[in-house]
Amino acid sequence: MDRHEVLAELAARVIAVTRPHPVRVAVDGCSAAGKTTLTDELAEAVRAATARPVIRVGIDWFKRAVALRTAYPQDSPDSYYLDSWDDEAIRDRLLRPLGPGGDRRYRTAVMNLPATEPIERPDETAPDDAILLADGAFLQRPELRDHWDLRIYLHVGFDEVLRRGIVRDQAWMGSAAQAEHRYRTKYIPGEQRYVTEVRPAERADLVVDNTDFAAPVLLRR
């Protein structure tokens, strides 16, 4: 299957999920797994196949303010894994309002992407037949896992995570060497802990090997 065919099958699986409330879809995976790109493309495929409204959200807009990440040393894997995202805001401002008994009033962001300033946006209201497509890291942690109606996990080996991460992030991190150091000492160890403790590929409803962007492989359907 080529990328277009995989996206078409994923879109069909998303559309097939029906609930009396908006369907909440997680696209989970490690850093540089291609979550944002695939989820953007999946949103286009879903919109092309159904008239149901699609809500597209990046969970990075729900990070905890950098100044509040004080539970662990900020350069540590624990800080990245346990203290970088505001799970309470993800649950209470996005997932629970769209879930059973929710009032359908949700937020698409609470923090700017540098995670230095809160964003004040009015709540939006979702129709009952909407589909939420949200991409981010650590989306199947115990604090969040029961608030999704469909879980998609993108698998990429850690060697590839390192390679892609250096290419993508060296500019804002200062150099390729600094990017490599941060991935080796913070991001990848945090993600290895997540994979070991949570087993996200086993818990997911659908698993995609996204090592080859042009030809992703649907490992579990």
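Note that numbering that gives the first Met the number 0 has the sequence shown beginning at 0, numbered continuously upward.
By construction, the Cβ of each residue, glycine as well, lies at the ideal position given by its N, Cα and C atoms.
{"query": "For His-154, the three-state DSSP class (helix, strand or coil)", "result": "strand"}
{"query": "9 Å Cβ cutoff met for Ile-58 and Ala-136", "result": "yes"}
{"query": "Spatial neighbours of Pro-21 in its chain, beta-carbon cut-off 6 Å, leaving aside the 5 residues before and after", "result": "Leu-97, Ala-125, Ala-129, Leu-131"}
{"query": "7 Å CB neighbourhood of Pro-215 in its chain, flanking five on each side removed", "result": "Arg-2, Val-5, Val-207, Asp-208, Asn-209"}
{"query": "Ile-14 versus Ala-31 - alpha carbon distance", "result": "26 Å"}
{"query": "Collapsed DSSP secondary structure at Leu-9 in the structure displayed", "result": "helix"}
{"query": "Three-state secondary structure (DSSP) of Asp-128", "result": "coil"}
{"query": "Contained alpha helix (DSSP H) runs [length at least 4] in the region 131-192, N- to C-terminal order", "result": "157-172, 175-181"}
{"query": "Cα-Cα separation, Glu-40 to Asp-134", "result": "12 Å"}
{"query": "Same chain, Cβ closer than 6 Å to Glu-190, neighbours up to 5 away in sequence not counted", "result": "Cys-29"}
{"query": "Cβ pair Tyr-152, Ala-213 closer than 9 Å", "result": "no"}
{"query": "Supposed close pair Asp-204, Leu-149 - CB separation, criterion 8 Å", "result": "5 Å"}
{"query": "Residues bridged to Val-25 (per DSSP)", "result": "Residue identity differs from the one stated: residue 25 is Ala in this sequence, not Val. Ala-25 pairs with Ala-133, Arg-150."}
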